[in-house]
Structures are given as structure tokens and as C-alpha cells.
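Protein chains in written order, with this note's numbering: chain A, 8 to 205; chain B, 8 to 205.
Virtual Cβ for every residue (Gly too), placed ideally from N, Cα, C.
Some notes on the structure that comes next.
Okay, here's the thing in C-alpha cells:
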């Protein structure tokens, strides 16, 4: 077990002392240590000190362990868009939502980076990731329409937001100096305005 | 066989009289008629009057039949970006590339729509589609960097272009009045500028 994994464990145990958290810890440790494809649900359950049946009470399959946070992320994005001041332009509401997501990733940086190393090794996981991102676009566009924003502005703003998130995220995970993700996101929204103004 | 399929056949036979074209025709007809999952490579080969061995000479698997055009599409996008006037801003070069792609889809509208009905029925195919779109972003960003465009402008412009393409495409396949795709794309680039300016 690498030092990173140990530190991640310590970080997680504070806020996930339950079965789900133990399964997620165990899964991530095995995925990083021996590979995603090589890991069975039985091994995950054993390392977590739980049964396979318990695993399947929480997760549909071993891929879903890595995407469990997607629901919470979507709720955060949608509620931030919904709660933005009425006077905010669509792209401003989207920017607030993406920054809120960035702040969450920043808090959980070590876990997020570990998860990313697993996803980077497996095409199926990358495909699942892209599907989840596409769902986030739909959800945010829906939240904007709820605010009375017409199409195509709603979809364009939502797509632009996820584009910014993807680029900011890629820079952030590659940053040796650990630049703050929410700040990176803010800077990229400014850059997007400049780029599209031409 | 529906009228649409027959018309698509007539449309294709003009420009794809070879084995690859016959296999693509047969595959699409079977995917639309009986479902993607229910279709075997043996059935595709038989309908095309060819052997399974010939099928695998052209396509790695039955998914790839639907994505064979992705390589040509990527070449079109990259070469259009590369050949744009030196004075063109990054987003202008990207807009030209996406419009060029739109014009190709417009020419092949019936085949594109059939292909889309197949993809819409299958999550794996949708995932493959998203992976291909992500590759197009990378390829266009690379073409911009070749023109001396710095990051993150290159990636932002490329992501914005694919976002526009996705939204325009979704409107276009839903349009009863068959609005021209390249025109839809142009209009969306204008709208993107307005949306991001806030």
C-alpha cells in the first residue's frame, strides 16, 4: 500500500465511517494497487470486512463504486443553478455551479486524484465518465430552463460550463503546484469569454 | 424494409459500390430493422453477399461499422483548422471546421439519421460516440496548437466547437423542416458569443 493510499484512508475515515465508505476505500485501494480489471467484488468486500451481499446493497457493480459521487455532484450543480440570484445571466449561474463543484473536488483532492488514476487505465471507465458528464450537461440545461432560460442558450451555457470543468480539471490534476481548482475555473470562464468574442 | 431504408440504399449505392459500402448498408439495414444487439456479423455478411472474413478485413467489430466515418471526419476537421487563413482567430478556424463537418452531414442526412436511430437505442454505442467526440476535441486542439495557439485557448475553442456541433446536431435531427445544419452551426456560434459575453 502506497503512502498516498494510507493518507487517503486517513482522510476518508473522518467522514465515511459507514459500510459504503469502507467499501469505497477498499475498492479504490485495490483498483490502484492491483488494477481495476484484476479486482473482484469478493476481494473488495473482504478487505472492507463486509460481505458481497452488502456490497451489492450499495453498488450495482464495481464500476459504480467510482461513480457513486455523480448523483451528489449533479444535485450540487442543479441546486446552485436554481439558487443563483434571479438577475444572474445563464453563464453566471453555470459558472457559480462549476466553481462549487470545483471547491468540492479541491477539498477531496487526494481521493479525486486516486480515482482519476484508476479511470485513466480503463477505456470502459472513461466512457462511463463521459456519459456522466453528458448527464450533468442535461441536468444543468434543465435547471436553466426552469429559470426561464430559452434554448439554445440553456444548452450552450451548460455545455460551456462542462467544457470549462473538463479543461480546468485536466490542468489541476497535472499541476505540481496544486493550484486551486475553483480559481482555475474562474480564470477559464474569463478566457472562454475572450476566446468566443473573436 | 421501410421506405427510408430503401431510399438510403439508393442514396448510398451511388457512392459506395464496394465491399465496405455493401457491408455498411447491410449492417445499418439490420440494425434498424431487427436491432443492433440482435444482429450478428454472419447476418451482415450474408445480406451483403460477402463472407465473415471479409467483414473483419474492414471492421474490427459490429460497433465499428457505425463509427467508420469518424476517421474521415477527424481529418476534415483537422485539415480545415490547419488551412484556415493565418489571420483567423482560433474560434473562427474552429467554426469553419465544424461548418464543414455540418455540410457533410447535411449531404448524407438520411444515412446520418438512420445511424442516429441505432445509436439512440444502445448505451454502449452512445458511450463510443462520446469517446469519438472527445477525440475530435483533442485533434482540433492539437491542430490549433500547430497554428501557434496557446493553451487553454486551443482546448477551450475546440471544446466550444464540439459543444456547438452537439447542440446543432440534436436540433437538426429533430427538425421536421430540415433546417440546414451548417446554417444552424453558424447561428449557434453567434449565440455562444452572446451567451458567454455576460
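N-terminal and C-terminal residue of the alpha helix (DSSP H) that residue 139 of chain A is part of: Counting along the chain, the alpha helix (DSSP H) containing residue 139 of chain A begins and ends at 130 to 153.
Coarse secondary structure for residue 88 of chain A, derived from DSSP in three states: helix
Nearest chain B C-beta to residue 190 of chain A closer than 9 Å, yes or no? Cβ-Cβ to chain B under 9 Å: no for residue 190 of chain A.
N-terminal and C-terminal residue of the alpha helix (DSSP H) that residue 229 of chain B is part of: Residue numbering for chain B in the displayed model covers 8 to 205; residue 229 of chain B lies beyond these limits and cannot be assessed.
Return no unless some Cβ of chain B is closer than 9 Å to the Cβ of residue 216 of chain A. Any question about residue 216 of chain A goes unanswered here, given that chain A covers just 8 to 205.
Which chain A residues are close to residue 203 of chain B, counting only those with a beta carbon under 7 Å from its beta carbon? 98, 167, 199, 200, 203
Which stretch, first to last residue, makes up the alpha helix (DSSP H) that contains residue 112 of chain B? 97 to 114
Throw me the rounded Cβ distance for the residue 99 of chain A and residue 91 of chain A pair, which I believe falls under 8 Å. 7 Å
Reduced DSSP secondary structure (H/G/I, E/B, other) of residue 28 of chain B: helix
As a quick exercise: from B:83, B:102, B:136, pick the residue whose alpha carbon is nearest that of residue 199 of chain B. B:102
Nearest-angstrom Cβ-Cβ length linking residue 174 of chain B and residue 162 of chain A, presumed shorter than 8 Å: 5 Å
Buried or exposed (CB count within 10 angstroms, at least 16 for buried), residue 135 of chain B: buried
Which residues in chain A sit within 9 Å of residue 93 of chain B, going by Cβ to Cβ distance? The contacting residues do not exist; residue 93 of chain B stays about 14 Å from chain A at best.
Below 8 Å CB to CB, which residues in the same chain sit around residue 54 of chain B once its five sequence neighbours on both sides are set aside? 33, 36, 37
Determine, for residue 133 of chain A, whether the minimum Cβ-Cβ distance to residues of chain B falls below 9 Å. yes
Do the segment 123 to 135 of chain B and the segment 150 to 160 of chain B touch if we need at least three Cβ pairs shorter than 8 Å? no
State whether the segment 108 to 123 of chain A contacts the segment 186 to 201 of chain A, with contact taken as three or more CB pairs (one from each stretch) at a distance under 8 Å. yes
Can you give me the C-alpha to C-alpha distance between residue 63 of chain A and residue 51 of chain A, rounded to a whole angstrom? One Cα belongs to residue 63 of chain A, the other to residue 51 of chain A, and the distance between them is close to 11 Å.
Could you give the residue range of the alpha helix (DSSP H) that holds residue 179 of chain B? 160 to 181
Where residue 185 of chain B sits in the DSSP three-state scheme: Residue state, collapsed to three classes: coil.
Give the residues of chain A in contact with residue 141 of chain B, contact being defined as C-beta atoms less than 7 Å apart. 137
Enumerate in chain order the residues of its own chain whose CB-to-CB distance from residue 164 of chain B is below 7 Å, with the five nearest sequence positions on each side excluded. Result list for residue 164 of chain B: 97, 98, 101, 151, in chain order.
Contact belief for residue 144 of chain A with residue 169 of chain A at Cβ below 8 Å, rounded distance in angstroms: 5 Å
Using the Cβ count rule (16 or more neighbours within 10 Å means buried), how would you classify residue 67 of chain A? Exposed, since its Cβ has fewer than 16 Cβ neighbours within 10 Å.
Cut-off 7 Å between Cβ atoms - residues of its own chain near residue 119 of chain B, not counting five sequence neighbours on either side: 112
Under 8 Å Cβ to Cβ from residue 46 of chain A, same chain only, skipping five residues before and after it: list those, please. 34, 37, 38, 69
Rounded to whole angstroms, what's the CA-CA distance from residue 89 of chain B to residue 57 of chain B? Just pull it up for me. Computed Cα separation, rounded: 39 Å.
Minimum Cβ-Cβ distance from residue 130 of chain B to chain A less than 9 Å: yes
Which one of A:182, A:167, A:176, A:142 has the shortest CA to CA distance from residue 205 of chain B? The shortest Cα separation from residue 205 of chain B among A:182, A:167, A:176, A:142 belongs to A:167.
Contact criterion: CB-CB distance below 9 Å. Does residue 14 of chain B meet it with respect to chain A? Confidence is the limiting factor: at residue 14 of chain B the pLDDT is only 41, short of 50, which leaves the residue's position unreliable and the question unanswerable from this model.
Quick one: what does DSSP say residue 40 of chain B is sitting in, helix, strand or coil? helix
Just the C-alpha distance for residue 187 of chain A and residue 201 of chain B, rounded to the nearest angstrom, thanks. A straight-line Cα-Cα distance of about 28 Å links residue 187 of chain A and residue 201 of chain B.
C-alpha distance - residue 59 of chain A paired with residue 71 of chain B, whole-angstrom precision: 36 Å
Look at residue 116 of chain B and residue 185 of chain B and say whether their C-beta atoms are less than 9 Å apart. yes
Establish whether the CB of residue 193 of chain A and some CB of chain B are separated by less than 9 Å. no
Can you look up residue 56 of chain B in the DSSP assignment and give me helix, strand or coil? coil
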